[in-house]
Structures are given as structure tokens and as C-alpha cells.
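Chains as they are written, first to last, in the numbering used here: chain W, 10 to 365; chain X, 20 to 282.
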């Protein structure tokens, strides 16, 4: 590795830069593949219950899993933590994260073992395995790129072979909802195959409406490029990916999950959604049918406040933190208003009960 | 002339030993195919107008099988799973074999051996009087494919990318089963396993630094074929010499005039 000496830690504007060099090593780790105190399954976000900043120890192993992404559509996906999108990581602006990832793509990794007890994510998926995830093996090189981290990419985002582990630190210098994804070329392929998720970095001084928020969710939009394979399973459609023709455009990785398991609220409540468009290639015109967005913080930064938006246009790897008031009891549809996306699955439901 | 009983048996024994020593080398040469000299374009940077030159060499017709590797292990017990030092292979080395000298099962004997490190592959080829092919030799042989049309070449490459993203290592196949042969009869350079080469991580790999954007920089021409090639290069360049995976095996190459007997 042709590395310059890594920069010593320093501060600018209160932000911390200059992380130590990443470590790459081999170890026979076969413990829980997802470890972290504030790591959850979509659409859940675990509230941060601490003052000031915290040093998090987080592990997301990468491995293959056979998953269902739509009724009757299963494929062998490349994942972080076993689902697509991967687990939601919640941290606070200014927190330091020590991140570990083992490339277990040549191992059978089961995520629904009870008692793995290393993160809420593993408990949640054991209880609610909505992708019917099953272990599978497909050995490939992989890497991790946290958009929420500011580091040298040839060091921290470097590719590791099956069996290897990488470990590095990063500091959440900016608030917002940031994609993480595999950076091993072809990134189009690795992301389309499932290696992406989000980190929600909550601002250290919060958003103005924090004490009025009743429900908080994370919703991620992404595309699949799949075609029928030799047997029952689907497989990556290279031509579809090259020509921007997804087979499915979905919220939270599955075409119908947000209809089968709708978000919930009551009339009169303020709902907050951290919405990310993970791509890999599409844009999203996010709208909630029946509502208008009271506040929109573009990329989730409190400084980027917009008011009264009907639709938020997000490019690939863009996000927004969105507040809206639920007006009446009834159904609301989350939708990508680019209808060729909506008709491929980019829709979800919020069910509202009566005013409390 | 009739030989006495004792002499006859001694002679037979001696001949037998000589034959047994020769056998691996004969076997290797039988199944090794001559690849004539030539040149090819790779996805790594090259001097404009000067494709990579490759001298003539011989390449195994098929990947090394479990049966063949088993023979190697019997004669070289230090490479067996329970003896191999961790310097030469990780803990996944032959992990799918029942034990040291027992491949998965009868049916697996004709399948390519996998979960072997670069060190092990090197040792096997040396034992056979050969060596691992160089990256250029392997890629040159892989590119010596005859397609009826550009359309066919593209379809082939598309399928190849599909294979790279959907290969099921649980579905095991014998060598020769892909039906894919290069111009000279070398089988299964695609569709069965990834293969070790001598210099799987050429010096230029450090400059390329495998990350987003590498594929864009790697494609010489914007063809599907070179896209598929870049995936293969990138995967190989991520390995370490001790790496082993369920879809990584190897075949051996031989210098043209090599007639060495390995004892």
C-alpha cells in the first residue's frame, strides 16, 4: 500500500480531522455480524440517550444473503449486516466511531440466530425477518465508504479480500443522514447488489421542532437491477444497470414492505422522516400524498431549512430530514413522484389513527 | 531371453518407480496446451499502440482438480490441511474437504480444487515441473476466444458479468463442464472458478488503488468485454497470497522447453 504517513489529529471550527491509519488483518471472528448500541433495522431509529459526545464501537460485517425484495423475487444479495439497505446507525454530531468490518462473503452467516444480542438490529430482524434472509456464499472483495466520515479514501475505504478485516476511526463532523456503501469497483454493481445503508448523524444542538416530534422514522429509496436467473432466483442485470433501467425501485429494500408494515401516527401529530435516496443511479421526487412538508432540512443539516415543500428532489446519495403534520385520520402514501419509479415500487403507506 | 524370477521382479520394481516419477510430468505435458506467442490489450494502463507481448508457453487444459491435488498432498504431506503453516494459508485452506486426504466426496474428484492459497498453488505447479501462469499469460489465453460477431462477444461478456455477480459456490461442476474453450482448446477460463496467477497484484495496482472510479479508469475501450475484464482484475488484485475462497482455484503453465522431472 503506497500510503503517505497519516496526518496527526487536528481541529478546524471545532471539527476533528486526521484519523490514524486503518488496520487490515485476518482473524477468525465468527461472532455477531452487527454490533452497536444504536444500530437498528429500518425504519426504526434508536433515540440517543446520552449527553455530549460518545465513542461508539460499531461492527458491520459484509456477506452474501439470499433475500426477498418483492413478492416472488429473491436474489443472492451482497449486504452489510444481512439486509438491503443495511442497518441504520445513529450517532451524534461530534461522536467518534471505531468501525470494524470483516469480509465474510466466503462464509455462511446467519442473522436470525436468537440471543446474538449485540445490537437492536439483530433482535429486530430475528423477530421480523421480512426479507426471509437466508445465508449464502459468494466470495468477492468489498470495502466500506461512509459518506458521514471525512478521511482519505485510499486508506479507510480500501478494498479487502474475503476473510480479511478492516478497522478504522472516523468522526461525525457534520449533522445529517448519510449513505454508506461499498466502494469496490464496480461501485454500480456492488451498490445495486445491495451494499448500502445510512448513518443518521443528529445535530448536537438538535432541530428547532425536536420537542414537538411524535414519531421518527428512517426511509431509504434504492433501485434494483434484476433479471431472472437460471433457476428460481433473480440475478444482477448488467445491461439494465448500465442503461439506468431498474427492475424495481423500492423503499427500505422491499417493494411492498411499507405497505405490509405501514408507518403509523395519529392525526395532529408531527412525523419526522429521515429520507435518503441511496440510488445507485436514480433521483427521487419524494412526496407524501395528502401532506405538505412543514420543515425540510436538506441533507439533514439544521442550517439548510426549507419550509412548506410539497416535494423534495434528491439526487443519488442525497438526503433530507423532513417534518410534516398529519392532518386527519386515514391513509397517506409516501411516494417518489417520478411515476416510472413509483410504478416500480417506490411507494409506502403511513396509517394515521384518530386525533389523541 | 528369459529372466530369473528375482531379477524380473527387481526390474519391474525399478521400472515401476521410474515410471511413477515420470508420470506426473507426463500427465502434465499431456494435458498442457501450446499457446503460441502473441499480444493482447489489457485493462491496465499500457503504452499507446503497444499491447502486451506474450511469449509462447504451455497451459493446462483444465483447472487442477481435487483428484490431482490429492496426489500432490499424498506426496507432499507438509501441504496437507493439518500441517500447513499459517504463513502459507489461512484457516479456510481446504476447509470444505472432509479431512487431510479426503475431498468432499467421490463426485468432487473431477471438480476444480478450491480454497487453496497462492503459496499452495505455486507448490503444486512446481511439483508438476511448471509454474503458475503470469497475469499476462493467463489473460492472453483468456482473450484468445473466437466469437462469430460483436453481438456474440457482448452477450458472452454480459453473461460473464452475470456470473461474477451470481455464482453459486454450492453448485459445483466438473472441469470441462462450462463448454467454454478458447481458440486453442483451453477449457473453462470463464464460468467455473477464478484462477491464481503468479503476479495477481502487479506493481501498478498500488497506483490504481481499488476504489470507486477504478472501473472507469480501467476500461481501455468502453466495451462490455473490458468491463468484465476489469471486474476480474479488481477481484484478483484484492487477494493476498494466503487468501483462499470457494471460487478460487488454479491451473499451471510450463515453459516451452521445460522437460524437468520433479522428484
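The beta-carbon is built from N, C-alpha and C at its ideal position, and this holds for glycine as well.
Let me confirm a value: residue 34/W is counted as buried when at least 16 other C-beta atoms fall within 10 Å, else exposed. Which label applies? Residue 34/W should be labelled exposed.
Look up residue 144/W in the DSSP assignment and give the residues it is bridged to. 74/W
Please look up how many angstroms separate the CB atoms of residue 182/W and residue 159/W, rounded, as I've assumed it's under 8 Å. 6 Å
Span separating the alpha-carbon of residue 242/W from that of residue 178/X: 15 Å
Listed by chain order, chain X residues near residue 238/W by CB distance under 7 Å: Correct list: 185.
For the stretch 241-253 of chain W, which residues have a CB atom closer than 7 Å to at least one CB atom of chain X, in sequence order? Taking 7 Å as the Cβ-Cβ cut-off against chain X, the residues of the stretch 241-253 of chain W that qualify are 244, 245, 247, 248.
Is the Cβ-Cβ distance between residue 178/W and residue 107/W less than 8 Å? yes
I believe residue 208/W touches residue 155/W by the beta-carbon criterion, under 8 Å. Please report the beta-carbon distance rounded to the nearest angstrom. Their Cβ separation, rounded to whole angstroms, is 6 Å, which keeps residue 208/W and residue 155/W in contact under 8 Å.
Cβ distance (whole Å) where residue 172/W is taken to contact residue 112/W below 8 Å: 6 Å
Any idea if residue 21/W is buried or exposed, counting beta-carbon neighbours within 10 angstroms, 16 or more meaning buried? With fewer than 16 other Cβ atoms within 10 Å, it is exposed.
How long is the line joining the alpha carbons of residue 217/X and residue 122/W, rounded to whole angstroms? Rounded to the nearest angstrom, the two C-alpha atoms are 41 Å apart.
Buried or exposed for residue 88/X, please, with buried defined as at least 16 other CB atoms from any protein chain shown within 10 angstroms of its CB. buried
If you check the beta carbons only, do residue 88/W and residue 204/W fall under 8 Å apart? yes
Which residue comes first and which comes last in the beta strand (DSSP E) that contains residue 59/X? 57-59
Rounded C-alpha distance that separates residue 256/W from residue 235/W: 6 Å
Using a C-beta cutoff of 8 Å, does residue 167/X count as contacting chain W? no
Would you say residue 189/X reaches chain W, if we count a Cβ-Cβ gap shorter than 8 Å as a contact? yes
Is the separation between the beta-carbon of residue 123/X and that of residue 115/X shorter than 8 Å? Yes, the Cβ-Cβ distance between residue 123/X and residue 115/X is below 8 Å.
Less than 8 Å between the beta carbons of residue 355/W and residue 333/W, yes or no? No, the pair does not count as a contact, with Cβ atoms beyond the cut-off.
Taking Cβ positions, are residue 142/X and residue 261/X nearer each other than 8 Å? no
Can you list, in chain order, the stretches of the alpha helix (DSSP H) that have 4 or more residues and sit fully within the stretch 132-220 of chain W? With a minimum length of 4 residues, the continuous alpha helix (DSSP H) runs that stay inside the stretch 132-220 of chain W are 162-165, 196-201.
Can you look up residue 329/W in the DSSP assignment and give me helix, strand or coil? strand
Could you pull out every residue in the same chain whose Cβ sits closer than 8 Å to the Cβ of residue 75/X, ignoring the five residues on either side in sequence? 53, 54, 55, 56, 275
What separation, rounded to the nearest whole angstrom, lies between the Cα atoms of residue 44/X and residue 48/W? Caution is warranted here: a pLDDT of 49 is assigned to residue 44/X, below 50, making its placement in the model unreliable, and the coordinate value is therefore given only provisionally. For residue 44/X and residue 48/W, the distance between alpha carbons rounds to 57 Å.
Counting pairs of beta carbons, one from the stretch 65-72 of chain W and one from the stretch 39-47 of chain W, are three or more of them closer than 8 Å? yes
Taking Cβ-Cβ distances shorter than 7 Å, what residues in chain X pair up with residue 170/W? 257, 258, 259, 262
Name the chain W residues that come within less than 8 Å of residue 177/X, Cβ to Cβ? 247, 248
Are the Cβ atoms of residue 62/W and residue 133/W separated by less than 8 Å? no
Which runs of the beta strand (DSSP E) at least 3 residues long sit entirely within the stretch 30-80 of chain W? Give them in chain order. Counting only runs of 3 or more, we get 32-35, 64-69, 71-79.
Where does the unbroken beta strand (DSSP E) through residue 164/X begin, and where does it stop? No beta strand (DSSP E) holds residue 164/X; DSSP gives it neither H nor E.
Can you list the alpha helix (DSSP H) stretches of 4 or more residues lying completely in the stretch 284-321 of chain W, in chain order? none
Could you name the residues of chain X that residue 153/W contacts, counting a contact when the two beta carbons are closer than 7 Å? Chain X residues near residue 153/W: none, gap ~11 Å exceeds 7 Å.
Between the stretch 128-160 of chain W and chain X, which residues of the former have CB atoms less than 8 Å from a CB of the latter, in chain order? Residues of the stretch 128-160 of chain W that bring their beta carbon within less than 8 Å of a beta carbon in chain X comprise 145, 146, 147, 148, 149, 150, 152, 154, in sequence order.
Let me see if you follow: with CB-CB separation under 8 Å, is residue 266/X close to chain W or not? yes
At least one CB of chain X closer than 8 Å to the CB of residue 219/W: is that the case? no
Cβ-based burial, residue 120/X [other Cβ within 10 Å; buried from 16]: exposed
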